[in-house]
Amino acid sequence: MILHNCYHHLPTFPPTYTPTPTQTLFPTLPLELREQIYHHIAHPSTPFPAPPGSIKVNMTLSYPYHPALSSAWLPTICAVSPAMWVDAGLWLIRNATFTVGNKGTLALLTAFLDTMPGTQGWDCVRRIHFEGFGRHAPDPGNRNAYIAFMARCPGLVETRLGFEIRDLVVPPPMFFPAWYASTCIFGVRADHRGVTVPSVLGLEEVVREYALWDVFELGSVNKITFVLARVERFVWFKGNDDGVFEVGESLGGVAGGLERGFWERGRRVEVGVEDSSRFFYAEQDFLF
1 MILHNCYHHL PTFPPTYTPT PTQTLFPTLP LELREQIYHH IAHPSTPFPA
51 PPGSIKVNMT LSYPYHPALS SAWLPTICAV SPAMWVDAGL WLIRNATFTV
101 GNKGTLALLT AFLDTMPGTQ GWDCVRRIHF EGFGRHAPDP GNRNAYIAFM
151 ARCPGLVETR LGFEIRDLVV PPPMFFPAWY ASTCIFGVRA DHRGVTVPSV
201 LGLEEVVREY ALWDVFELGS VNKITFVLAR VERFVWFKGN DDGVFEVGES
251 LGGVAGGLER GFWERGRRVE VGVEDSSRFF YAEQDFLF
């Protein structure tokens, strides 16, 4: 029976539940061969074995009808039966890099992981990219929801935290349509009180604003990347390229501070900054 658009067909699995081969579509095959089949069904253009992080699951493309069965990102083979849900679903979670666009899609991923037996779904998460990390600073004194999510993933090894220039400038820069850029004077922002020169947040301000010290609780993480996105349809107060460099330098200071913090705690964690356009063109070396 194919499961259609509803959690109601999914039983509550015992915490230690593991599908037996006879419950899957390939009862005579061991787990390793079943997972190879799942890979070719879900990602036929990706070579097997897949390089770490090469399988992308973009949660921003999902529709919030029923998170677990959203055809935009979940391989259809997962919906064949409850046993396949677990067998193929855990394969996907172990091998995918999940891209989460906002808190709404964070809830989507949370709901999906919670359908797995016990904490098995959370235990299998390895890589996650919070594309909208910089847009959702926690209220003062509260924990960062994205970091709290990662703390529930004991096997997490890599995370990418997305920022836009506007997230790290105070006061927020005045944006202009690109066609209007030639008529604007950059470097200042004027209002009825006079002229204010925007400033980029420093290490302590960024850490405080986003409650970043909590990342030291992520015991299995070995790589953290700050991804700085350009907003091509706007022009920053100093121009897009200069803005990327100046804010990138600030994030570089944050990355260095966190890397030292891990070192002082006896851990070696790689922390760096990437320009999102460089990542798009597969130039994945750190900028700072």
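Residues 1 to 288, numbered by the UniProt record's numbering, are exactly what the sequence shown covers, in order. Built from N, CA and C at the ideal position, the CB exists for glycine as well.
Relative to the alpha-carbon of residue i, which residue among the options has its alpha-carbon at the smallest distance?
| i | options | result |
| --- | --- | --- |
| T225 | L33, E209, V254 | V254 |
| V169 | G121, L203, T22 | L203 |
| P19 | A96, P82, T12, T46 | P82 |
| L10 | R94, M116, Y210, S199 | M116 |
| R166 | A145, N144, R143, A137 | A137 |
| V273 | F98, T22, W263, E259 | E259 |
On the three-state DSSP scale, how would you describe residue i?
| i | result |
| --- | --- |
| V195 | In this prediction, V195 has a pLDDT of 41, which is less than 50 and means its spatial position is unreliable; nothing more can be read from the coordinates. |
| V271 | strand |
| H136 | coil |
| N240 | Caution applies to N240, whose pLDDT of 48 falls short of 50 and renders its modelled position unreliable; the value that the coordinates give is listed next. Note: N240 maps to helix in three-state DSSP. |
| A107 | helix |
| E158 | strand |
| F149 | helix |
| R127 | strand |
| T20 | coil |
| Y180 | Here Y180 scores only 45 on pLDDT, less than 50, and its place in the model should not be relied on; the value that follows carries that caveat. Helix. |
| V170 | strand |
| V200 | strand |
| F265 | Sequence inspection shows Arg at residue 265; the Phe mentioned does not correspond to that position. R265 falls in the coil class under three-state DSSP. |
| A42 | helix |
| L90 | helix |
| P52 | coil |
| Q120 | helix |
| F26 | coil |
| S81 | coil |
| F13 | coil |
| T115 | coil |
| A255 | helix |
| W213 | helix |
| R189 | A caution first: R189 carries a pLDDT of 40, below 50, which makes its placement in the model too unreliable to give a value. |
| G141 | coil |
| G219 | coil |
| A74 | In the sequence as displayed, the identity of residue 74 is Leu instead of Ala. Reduced to three states, the DSSP call for L74 is coil. |
| H66 | Caution is warranted here: a pLDDT of 45 is assigned to H66, below 50, making its placement in the model unreliable, and the coordinate value is therefore given only provisionally. In the structure shown, H66 sits in coil (DSSP, three-state: anything other than H, G, I, E or B). |
| S276 | helix |
Identify every residue that forms a DSSP beta bridge with residue i.
| i | result |
| --- | --- |
| A229 | E164 |
| N58 | T99 |
| I224 | T159, V271 |
Return the Cβ separation of residue i and residue j in integer angstroms, given the expectation that the two are a contact with Cβ distance under 8 Å.
| i | j | result |
| --- | --- | --- |
| V100 | I128 | 7 Å |
| G118 | F163 | At roughly 34 Å, the Cβ-Cβ gap does not stay under 8 Å, so G118 and F163 are not in contact. |
| L113 | G121 | 4 Å |
| L212 | S250 | With a Cβ gap of about 13 Å, L212 and S250 do not count as contacting. |
| G248 | D275 | 7 Å |
Does residue i get closer than 8 Å to chain D when you measure Cβ to Cβ?
| i | result |
| --- | --- |
| G257 | The structure shown contains no chain D; it is built from a single protein chain. |
Say whether the segment 150 to 166 touches the segment 210 to 222, bearing in mind that this needs 3 or more beta-carbon pairs closer than 8 Å, one atom from each stretch.
-> yes
Taking 8 Å as the threshold, find out whether the segment 30 to 40 comes into contact with the segment 79 to 92 through three or more Cβ pairs.
-> yes
Is there contact here, the segment 93 to 104 with the segment 16 to 29, by at least three beta-carbon pairs under 8 Å?
-> no
Quick check: the segment 74 to 84 against the segment 47 to 54, are there 3 or more CB pairs under 8 Å?
-> Touching, no, given that fewer than three Cβ pairs across the two stretches are closer than 8 Å.
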